[in-house]
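Sequence lines, in order, name chains A and B. For what it's worth, our numbering labels the leading residue of the first sequence as 1, then goes sequentially. For what it's worth, our numbering labels the leading residue of the second sequence as 211, then goes sequentially.
There are 2 protein chains.
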Amino acid sequence: MDEKLVKEIVEDLKLRQERADKPVPVGVSNRHVHFTKEDFKALFGAEAEPVLCRQLRQPGFYACNELVTVEGPKGAIKNVRMIGPYRPYTQVEVSMGDSKVLGVEPPIRDSGKLENSPGIRITGPRGAITIKNGVILSKRHIHFNPGDAMAFKITDGGHVRVLCGAGTDREAVFERVLCRVSEKFALELHLDVEEANAAGLKNGDAAYIV
Amino acid sequence: MDEKLVKEIVEDLKLRQERADKPVPVGVSNRHVHFTKEDFKALFGAEAEPVLCRQLRQPGFYACNELVTVEGPKGAIKNVRMIGPYRPYTQVEVSMGDSKVLGVEPPIRDSGKLENSPGIRITGPRGAITIKNGVILSKRHIHFNPGDAMAFKITDGGHVRVLCGAGTDREAVFERVLCRVSEKFALELHLDVEEANAAGLKNGDAAYIV
């Protein structure tokens with residue numbers, strides 16, 4: 001036996017065991033929109049400001065009371081919720097099922113990477129805009145703060161495998177899950193509704209890096 | 211080194227390699243209904259018969275022209291398609307997302323296993339019925355004919371792991387996929403729309419038993 005190889009295998013098994021001891025809470029993202037201040041004002045009026053509906057697990061992020069309709073070439077979806085605060089770009093995050101209703105073919109992207117993504121028409125109570133791009137399917141990812149990243153021995157931009165729904169009929173391993181590290185983040189695996197349902201998950205359930 | 215263990219590991223690796231060489235085509239099941247003859251007549255009229263819309267990959271099964279509305283305590287879903295031919299039981303197969311729209315909590319079940327599943331109201335053009343049970347989330351499964359089963363070295367009722375979307379951003383491994391063997395079956399992995407979307411799959415894509 002090759003001693004170096006054995007040592008590598010043992011180290012790998014130890015790392016897996018360490019990670020598997022620490023659950024990652026699941027956050028399920030329903031379809032939602034992020035707005036620039038300018039786009040928000042065009043839709044809700046110059047005097048309006050986003051109103052907090054519910055604080056999210058990620059510090060500083062919140063679901064707003066504001067709802068819009070997004071309309072693609074094939075169909076429209078009403079009551080799409082804004083997530084605040086404002087961003088430097090307007091971005092619509094939908095599920096693959098939603099994209100078929102709308103008739104658009106969004107790419108799977110990390111937040112903010114909008115080049116060559118499709119546009120869409122957005123209607124609010126005080127106006128409508130058409131964005132030239134910004135519709136994406138969110139790439140599965142985990143938010144880590146630097147302490148979590150150290151504990152899990154992962155690095156920003158890396159990818160991991162994540163076991164979800166362990167022991168259930170919908171047990172699944174999601175491959176190639178992006179790791180994002182920031183001091184602003186709280187530990188959370190972000191999946192869209194279809195991904196969560198495919199693994200039988202709800203908000204706050206435990207997933208495991210394997 | 212334990213020779214018996216080494217032999218077992220080698221056999222296991224060989225089996226995995228053999229299976230991985232043979233793709234399993236994916237069949238995506240949208241929400242649908244199977245009817246008894248009696249329930250069909252109650253909804254579409256005594257003289258009506260199901261009309262073929264599209265042959266499915268499973269021999270003898272077909273999507274019908276007939277559409278119904280299913281209505282739960284919270285909401286209704288229109289245009290739910292019948293799959294023919296008649297069955298000895300009426301069964302409504304929905305996605306987890308659908309179940310939330312309807313306001314029901316169906317169990318994850320193999321087809322026909324309907325005990326303690328919720329009921330629902332079903333409306334057709336000529337009448338309405340309320341079934342006492344029959345709403346399920348379909349348990350992921352693969353149809354094998356006996357030749358396929360032999361080639362893959364699986365048995366009826368067993369479970370396998372299935373790799374989907376290999377090489378894509380939505381690569382996923384579905385665990386505990388039920389194997390069903392019958393002379394009537396054609397080789398096909400059945401997933402619901404959310405499971406398929408979670409792994410970025412469409413009808414006819416290749417999945418692999420791993």
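Ideal Cβ placement from N, Cα and C applies to all residues, glycine included. As the structure is a prediction and not an experimental result, all values here were calculated from the model.
Once you ignore the five residues that flank PHE44/A on each side, which residues in its own chain have a CB closer than 7 Å to its CB? For the purposes of this step, residue 44/A is taken as residue 44 along the first sequence, with counting starting at 1. Correct list, in chain order: GLU66, GLY124, PRO125, ARG126.
So what's GLU71/A in DSSP terms, helix, strand or just coil? Here the question's residue 71/A lines up with position 71 in the first sequence. GLU71/A falls in the strand class under three-state DSSP.
Short Cβ contact (8 Å threshold) for LEU324/B with GLY307/B: If you number the second sequence from 1, residue 324/B lands on position 114. If you number the second sequence from 1, residue 307/B lands on position 97. Not a contact, by the Cβ cut-off of 8 Å.
With DSSP as the reference, please indicate the residues paired to SER29/A in a beta bridge. Walking along the first sequence from the start, residue 29/A turns up at place 29. DSSP output for SER29/A lists ASP192/A as bridge partner(s).
Pick out the complete beta strand (DSSP E) segments inside the region 84-126 of chain A, 3 residues or longer, and give them in chain order. 91-93, 120-124
Relative to chain B, which residues along the region 88-102 of chain A have a C-beta separation below 7 Å, given in chain order? SER95, MET96, GLY97
Can you name the residues of chain A whose CB is closer than 9 Å to the CB of ILE318/B? Residue 318/B sits at position 108 when you count from the first residue of the second sequence. Neighbours of ILE318/B on chain A, chain order: THR168, ASP169, ARG170, GLY200.
Strictly below 8 Å CB to CB, what residues from chain A border LYS349/B? Translated into the one-based positions of the second sequence, residue 349/B becomes position 139. The contacting residues are ASP169.
Alpha-carbon spacing of ARG371/B relative to PRO88/A, whole angstroms: Locating residue 371/B in the second sequence gives position 161, where the first residue counts as 1. Locating residue 88/A in the first sequence gives position 88, where the first residue counts as 1. Taking the straight line joining both Cα atoms gives about 42 Å.
Alpha carbon of ALA211/A to alpha carbon of PRO59/A, nearest angstrom: Chain A is shown from 1 up to 210; residue 211/A falls before or after that span and cannot be answered.
Should ARG386/B be flagged as near chain A, meaning a C-beta pair shorter than 8 Å? In the second sequence, residue 386/B corresponds to position 176, counting from 1. It does: the Cβ of ARG386/B has a partner Cβ on chain A nearer than 8 Å.
Which of the three DSSP states is assigned to LYS288/B in this structure? Along the second sequence, read from residue 1 onward, the residue named residue 288/B stands at position 78. Correct three-state label for LYS288/B: strand.
Scan the region 134-172 of chain A and note each continuous alpha helix (DSSP H) run of 4 residues or more that stays entirely inside, going in chain order. 146-152
Does the contact criterion of 3 or more C-beta pairs under 8 Å hold for the region 172-189 of chain A versus the region 136-145 of chain A? yes
Pair within 8 Å by beta-carbon distance, PHE152/A and ILE209/A: In the first sequence, the residue the question calls residue 152/A occupies position 152. In the first sequence, the residue the question calls residue 209/A occupies position 209. It is a contact, given that the beta carbons lie within the stated cut-off.
Say whether chain A places a C-beta atom closer than 8 Å to the C-beta of ASP405/B. As a first step, residue 405/B is located in the second sequence; it is residue number 195 there, counting from the start. A small correction: the amino acid at residue 405/B is Glu; Asp does not occupy that position in the sequence shown. It does; some Cβ of chain A falls within 8 Å.
Spatially closest choice to ILE154/A from LYS7/A, ARG19/A, VAL10/A, HIS190/A, by CA coordinates: If you number the first sequence from 1, residue 154/A lands on position 154. That would be ARG19/A, whose Cα lies nearest to the Cα of ILE154/A.
From the DSSP output, in three-state form, read off LEU215/B for me. As a working mapping, residue 215/B is identified with position 5 in the second sequence. If DSSP states are grouped into helix, strand and coil, LEU215/B belongs with the helices.
Per DSSP, which one or two residues make a beta bridge with VAL181/A? If you number the first sequence from 1, residue 181/A lands on position 181. Bridge partners of VAL181/A: PHE144/A.
Contact between the region 247-266 of chain B and the region 309-318 of chain B (3+ Cβ pairs under 8 Å): no
Assign ASN289/B to one of two classes, buried (16 or more other C-beta atoms within 10 Å of its C-beta) or exposed (fewer than that). Residue numbering aside, residue 289/B sits at position 79 when the second sequence is read from its first letter. Exposed, since its Cβ has fewer than 16 Cβ neighbours within 10 Å.
ARG54/A, DSSP secondary structure in three states: Within the first sequence, the letter at position 54 stands for residue 54/A. In this structure, ARG54/A counts as strand in the three-state DSSP scheme.
Comparing alpha-carbon positions, which option in VAL70/A, ALA196/A, ASN203/A, ARG81/A lies nearest GLU171/A? Sequence index remark: in the first sequence, residue 171/A carries index 171 (1-based). Of the candidates VAL70/A, ALA196/A, ASN203/A, ARG81/A, the one whose C-alpha sits nearest the C-alpha of GLU171/A is ALA196/A.
Does the beta-carbon of GLU221/B have 16 or more other beta-carbons within 10 angstroms, so that it is buried, or is it exposed? Start at 1 with the first residue of the second sequence, and residue 221/B comes out as number 11. Classification of GLU221/B: exposed, given that the 10 Å Cβ count is below 16.
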